[in-house]
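Going down the list, the sequences are from chains A and B.
The first sequence begins at -14 in our numbering and counts up by one.
The second sequence begins at 4 in our numbering and counts up by one.
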Amino acid sequence: AQSVSQHNHHVILSEAASLELGCNYSYGGTVNLFWYVQYPGQHLQLLLKYFSGDPLVKGIKGFEAEFIKSKFSFNLRKPSVQWSDTAEYFCAVIQFYFGTGTSLTVIP
Amino acid sequence: GAVVSQHPSRVICKSGTSVKIECRSLDFQATTMFWYRQFPKKSLMLMATSNEGSKATYEQGVEKDKFLINHASLTLSTLTVTSAHPEDSSFYICSALDRGGGYTFGSGTRLTVV
Chain A
-14 AQSVSQHNHH
-4 VILSEAASLE
6 LGCNYSYGGT
16 VNLFWYVQYP
26 GQHLQLLLKY
36 FSGDPLVKGI
46 KGFEAEFIKS
56 KFSFNLRKPS
66 VQWSDTAEYF
76 CAVIQFYFGT
86 GTSLTVIP
Chain B
4 GAVVSQHPSR
14 VICKSGTSVK
24 IECRSLDFQA
34 TTMFWYRQFP
44 KKSLMLMATS
54 NEGSKATYEQ
64 GVEKDKFLIN
74 HASLTLSTLT
84 VTSAHPEDSS
94 FYICSALDRG
104 GGYTFGSGTR
114 LTVV
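Shown next as structure tokens:
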């Protein structure tokens, strides 16, 4: 069965700290992987996506994610978070299957 | 960039009535749109895939007679929640496949059935 697991439900960081949000998936076919962000009161926005090629994908606002096929993972990273990164982050497989989300709070 | 407009953003209706939610692609044509439901503190759940000019494809467990989807034009898909009940209260979101191959989301509709 298809599933997406995000291990961290709520993460609290201080500004300038490094971020890594975990995402593991279970899917039998060719995967297209996505990370979306939802800022408070706003709709979902695409951060980055992986379809094929270089497994290290760079997205907007300094985010990147690495696809590790052997681990069925697509973790999101950012070297130095800002207060404005406070949001809900969702990992998705082939657009249809979403993780439960990780709420990130960045403390100034 | 691509914009998807969803209307209304909030709606309160009485139990037993029907509610229509619209999803429009404003600056591009969308042959395929998707409807999701988001429960509190839960993930988005794909309800159905809406294809212009043909019947929608519903995910397992989604009642097609309760959640009517119409994709009558290349810029508009509608979701009608028929005979709504309190358990249908939720956040409904649409997305569309845009011309760049990405998926653009609407801002969502908060439905409250009283």
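Glycine included, each C-beta is placed from N, C-alpha and C at the ideal position.
Just so it is clear, the structure is predicted and the values come from calculations on it, not from any experiment.
Range covered by the beta strand (DSSP E) that runs through residue i
i	result
L29/B	First-last for L29/B: undefined, no H or E at that position.
Y74/A	72 to 78
W68/A	Premise fails: W68/A is in no beta strand (DSSP E) and is neither H nor E.
F59/A	58 to 63
E51/A	49 to 53
A8/A	Strictly speaking, residue 8/A in this sequence is Cys, with Ala absent from that position. No beta strand (DSSP E) contains C8/A, which DSSP labels as neither H nor E.
F19/A	18 to 23
V91/A	87 to 92
Alpha-carbon spacing of residue i relative to residue j, whole angstroms
i	j	result
E90/B	V116/B	8 Å
K34/A	Y74/A	13 Å
F48/A	L82/B	34 Å
F81/A	A2/A	31 Å
S37/A	N17/A	8 Å
V78/A	I24/B	26 Å
K97/A	H88/B	In the structure as shown, chain A begins at -14 and stops at 93. Residue 97/A is therefore absent and cannot be evaluated.
C26/B	F42/B	19 Å
S110/B	P11/B	10 Å
L31/A	V22/A	6 Å
E5/A	K63/A	7 Å
G103/B	T52/B	19 Å
Per-residue contacts from residue i into chain B (C-beta, under 9 Å)
i	result
Q80/A	F37, L49, S98, L100, Y106
L31/A	G105, Y106, T107, F108
F75/A	S46, L47
Per-residue contacts from residue i into chain B (C-beta, under 7 Å)
i	result
G86/A	S46
H(-5)/A	Those within 7 Å of H(-5)/A in chain B number zero; the least Cβ separation is about 10 Å.
F83/A	S46, L47
Contact set between residue i and chain A, taken where Cβ atoms lie within less than 7 Å
i	result
G109/B	H28
Near the ligand SAH: residue i beta-carbon under 8 Å from a heavy atom
i	result
S98/B	This structure simply doesn't include the ligand SAH, nor any ligand for that matter.
What residues in the stretch 58 to 81 of chain B bring their beta carbon closer than 7 Å to a beta carbon of chain A? Flagged: no residues at all.
How do the stretch 55 to 70 of chain B and the stretch 96 to 110 of chain B stand: do at least 3 beta-carbon pairs fall below 8 Å, yes or no? Between the stretch 55 to 70 of chain B and the stretch 96 to 110 of chain B, the count of Cβ pairs shorter than 8 Å is below three; the stretches do not touch.
Determine, using beta-carbon pairs with one atom in the stretch 2 to 12 of chain A and one in the stretch 50 to 68 of chain A, whether at least three such pairs fall under 8 Å. Cβ pair count under 8 Å is three or more, so yes.
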